[in-house]
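When the sequence shown is numbered by our numbering, its final residue is 875 and no position is left out of the sequence of numbers.
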Amino acid sequence: MQYVLTPPTSFLGRSQEIAEIGLLLADPSCRLLTLVGPGGIGKTRLAMEVSSHHQALFPDGIFFVPLAPLSRPEELLAAIIEAMPFHFQEDQRNPHEQFFVYLREKQMARILLILDNFEHLLDGVDIVFDILAATTGIKILVTSRETLNVQEEWVRQVSGLAYPEPGEDIQGKDYSAIHLFLDRARQIGGNFDLEKDWQSMVEICRLVEGMPLAIELAAGWLKTLQPADIAREIQYNLDLLVTRSRNLPARHRSIRSVFSHSWHLMNDDEHAAFQKVSVFRGGFTREAAEAVAGATLPILARLIDQSLLRLNAKGYYEVHELLRQYGAEQLDDTGQAEVVQRAFIDYYLGLLHRLEHDIKTQAQIAALDTIASNFENVRYAWKLAIQQKHFVALHQATESLHCFADMRGHYHDIVALLQEAIERFPPSSTQSQQFIRCCIQVRLARLVLLGNLHITEDLYTQVNACLAMAYTQQDQAEIGFCKLVLGILIVNDAEKRGSKTYAQATTLFRESYNIFIALNDPFYEAEVLAWLSCAEDPVGENSLSLQLIRRSLDLRRQIGDRNGIAWITLNLTNIMLAQIDYPAYEQYARDSLALMNEIGNVKGSLQAMFKLAQATLLKGELEEAWELATNMQALANKVHNLNGITLATDILAFLRCVMDEAYTEGAKLIQTSQSIAPEPFFGSSYDMGTRWGQAMAACGQGQYVTARQHYTTLFWERYNDPGPATICLALEAVAQADEEKLEHATELLGLAFHQSEQVSGWLRRWSLITRLRAELKRQLGEDRYHTAWEQGKQRDLATIIRSLLGESDNASPPLLQQGLLEPLSARELEILGLIEEGLSNREIARRLVLSVGTVKVHTRNIYGKLGVGSRTQALAQATRYNLLKSF
């Protein structure tokens, strides 16, 4: 057995590839196997490692033939002969004849012949056929940047080493790219702190897409640069990936020389196509390749054969990022970059424009999937259009981009794109350009509202200016859209202030509705109806709110708007909750979750999970609630939705307290989530409150003052809602029993258990309550206990809850006799002083340069610390404790 090369460094990873290639070599029908991949991807090392692992398959010899030094196909045979144990005889036969006689004599021998770096000798492929024909025992393993393209050939693509994808959970996973970087870093004694530089190291591996040669070259700079600096340089400077090592072949001393070798093997048509496809970011379709780069199917096939392109599992073409950078440099040198970029802009922003109709009709999911699959190219096309001031292209693409953001939950990404476009409009814009800017601005405002994003801009002023511009342009569709967004602004602000004054919003919605009726636009007609329903009283079987939302649902179904159907279904949970119909609430939550998952709307899925988790929790189906909350937490972590993380963790904390009485662990869960996102959004999306777990953990630990501080946050707004009311009653019963008020505690439990099992089932699963009932019965005696229990069942739920919250005329908050457990912060005292001045939340926000949502959270924190539920009570408590005086 003979090897020409001995690997100078250790081999890491690729165990799966080695096993798969071994299976192919063991297959009798596979006699010619080509390992194909771009230069630097590790084909040679993989071939050598395969031969080492599978020596038993070839007991008669494994022979390695390095072809890189050869320049002409005629030299192939001599190189193969030299690598094998063959000796020429001094007779009349020529070398070719003698060698093939030798092969035929080894007809049954099991031999592996490795032909390394074949790509520049393809014209000599006939020698491969001759060898295979001469003997049945020989198998040939070829490494090449290009396939041989012969019928006998089996092909195995070689890609980079494994590395973590963005957002991927790396727990317990093994990444060979990371191992290689660390191994080479230790070998050269480079500057590297594993904990501090972990993310930079991962970024380097991502940037080079796991290419082993590039990883080794990057690690070589650790004596000179920090990992973060290496990552930054790689993004813009291909020449960083070079080595000063003297014993590497010249073609492997830099990535540029590796790629230049491939470049010189291409013809002019392939050069032109590859230069142009370097404009793409991420995968691209055959249609896009032809439209942007003029790359026909035969040329694409040639580029794939040469390992310059690859076809992924979804049918999209991809270019290795480092190869793409090399191609972009070649394109810049031609002076055609801007022309190609314009074709790229026209194609991808034109794609958004073409998909606008589909997004609002039966083809919605396919259209959204198309945008998602092409999003990196869409993002880049948008940025290029901004740079090149192609305002018309931006205008035509805006509606689809804004719909995609809302329907798939990409608020942050697309809000950033819209903001960038708005900021780059020239100060001296034409009226037409100003109108385009306004169209982008008003869609940005809608996404900020629907995505619950925190910004400091005055959206009222901006949207009103856009409405004025729409009137100037006499664009009815834009007028209708601006009125819709203004109405949403008013509803949003009213909810944050705890107000139900929607008259101005209703007027705007009705005006918008009439416009879209006249324009025969059922998509926005249905959207306005849904918002109109929010401004009406939802109580009552035939409430106007319910009628409006059902009309909206009918329209959505007629046009096939799956996203709209999903959100209307989710909205119906709010109406069912207002009507205290918990079975319907649960069913609509289930239906909406299925729909949200179907359309891939992450925001909607999180909200539906939250609602369904709370519904099943109250019902006593704690295992299902746990699974839902766990899934919600995982999804929220995956998409970095801090609000979702906080809400899911609160439910998990509640469940740990009820299921296992793990109160300390529940409290720790909440502390962890609050360190991530201390201020959850309080809004109609989370109708039943957001602090259940905190109150439960405090009660279980005997911290009744703290538990009482959270009573107001158990509810959203309705104190006759039996769901959160059962929690409040149970917690207060535990606290009253601790204060030896046994009959009162029994009455509260009697009222809690009197509620429907749909909302009180959880009480039967909480061991603390089971023990408490037994103890109350023992201490009071059977008769007194029964009497108190029955009296409790007769109490009016809303009245009792208001009394517990200190909101009834004759009641005082539970904290009045206790003193403040937690002092108000300086900011909370400042806001309390402004409340005393009579300022609204919006006025306070403007005064302190905060968002209204932040002021709302501070206000609720003040209520919780003071143990009150209104501004009037807060001021009364503040007077009692001399808080305003000290402020």
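The C-beta atom is built at its ideal place from N, Cα and C for all residues, glycine as well.
Query                                                                                                                                                                               : Result
What are the partner residues of residue 127, as DSSP defines its beta bridges?                                                                                                     : 100
In terms of residues, what are the limits of the beta strand (DSSP E) holding residue 222?                                                                                          : Element bounds for residue 222: not the beta strand (DSSP E) but the alpha helix (DSSP H), 215 to 224.
I'd like to know if the stretch 550 to 560 and the stretch 574 to 586 are in contact, where contact means that at least 3 CB-CB pairs between them fall below 8 angstroms.          : yes
Quick check on the DSSP output: what are the complete alpha helix (DSSP H) runs of length 4 or more inside the stretch 567 to 640, in order along the chain?                        : 570 to 587, 590 to 607 and 610 to 626
Counting only runs that start and end within the stretch 433 to 490, where is the alpha helix (DSSP H) found for 4 or more residues in a row?                                       : 447 to 461 and 464 to 484
Quick one, are the C-beta atoms of residue 343 and residue 358 less than 8 angstroms apart?                                                                                         : yes
How far does the alpha helix (DSSP H) with residue 777 in it reach, from first residue to last?                                                                                     : 770 to 782
Nearest-angstrom Cα distance between residue 688 and residue 729?                                                                                                                   : 18 angstroms
Could you tell me which of 490, 99 and 711 sits nearest to residue 14, measuring between CA atoms?                                                                                  : 99
When you compare the stretch 194 to 204 with the stretch 277 to 292, are there three or more beta-carbon pairs, one atom per stretch, that lie closer than 8 angstroms?             : no
Apart from the five residues just before and just after residue 277, which ones in its own chain have a Cβ nearer than 7 angstroms to its Cβ?                                       : 265, 283, 288 and 305
In the DSSP output, which residue or residues are listed as bridge partners for residue 750?                                                                                        : Bridge partners of residue 750: none, in fact.
For residue 272, which three-state DSSP category applies?                                                                                                                           : strand
Kindly identify the DSSP beta-bridge partner or partners of residue 50.                                                                                                             : 100
Would DSSP call residue 380 helix, strand or coil?                                                                                                                                  : helix
Out of 311, 368 and 380, point me to the one whose CA is closest to residue 341's CA.                                                                                               : 380
In whole angstroms, what separates the C-alpha of residue 339 from that of residue 393?                                                                                             : 16 angstroms
Report the rounded CA-to-CA distance for residue 259 versus residue 299, giving the unit in angstroms.                                                                              : 19 angstroms
What three-state label does DSSP hand residue 802 in the structure shown?                                                                                                           : With a pLDDT of 40 at residue 802, under the threshold of 50, the predicted position of this residue should be treated as unreliable, and no value is reported.
From residue 854 to residue 824, what does the alpha carbon distance come to, in whole angstroms?                                                                                   : 15 angstroms
Would residue 637 and residue 663 be called neighbours here (beta carbons separated by less than 8 angstroms)?                                                                      : no
Please confirm whether residue 589 and residue 396 have their CB atoms less than 8 angstroms apart.                                                                                 : yes
To the nearest angstrom, how far is the alpha carbon of residue 85 from that of residue 92?                                                                                         : 11 angstroms
Check whether the stretch 212 to 230 touches the stretch 176 to 189, counting contact only when three or more Cβ pairs, one atom from each stretch, lie closer than 8 angstroms.    : yes
Spell out the partners DSSP gives residue 851 in its beta bridges.                                                                                                                  : In the DSSP output, where bridge partners are listed per residue, residue 851 has none listed.
Could you pull the start and end residues of the alpha helix (DSSP H) that residue 133 belongs to?                                                                                  : Neither: residue 133 is in no alpha helix (DSSP H) and is coded neither H nor E.
Measuring only the C-alpha atoms, how far is residue 46 from residue 219?                                                                                                           : 43 angstroms
What do you reckon, are the CB atoms on residue 107 and residue 147 nearer than 8 angstroms?                                                                                        : no
Count the other C-beta atoms from every protein chain shown that fall within 10 angstroms of the C-beta of residue 398, then say buried if there are 16 or more, exposed otherwise. : buried
Terminal residues of the continuous alpha helix (DSSP H) containing residue 86?                                                                                                     : 83 to 93
Is residue 2 helix, strand or coil when you go by DSSP?                                                                                                                             : coil
State buried or exposed for residue 227, treating a residue as buried only when at least 16 other CB atoms are found within 10 Å of its CB.                                         : exposed
Which first and last residues belong to the beta strand (DSSP E) in which residue 145 is found?                                                                                     : 141 to 145
Residue ranges of each beta strand (DSSP E) run of no fewer than 3 residues wholly in the stretch 677 to 728, ordered along the chain?                                              : none
Go ahead and pull the three-state DSSP assignment for residue 386.                                                                                                                  : helix
Cutting at 6 angstroms between CB atoms, please list the residues of its own chain near residue 88, excluding the five before and the five after it.                                : 122
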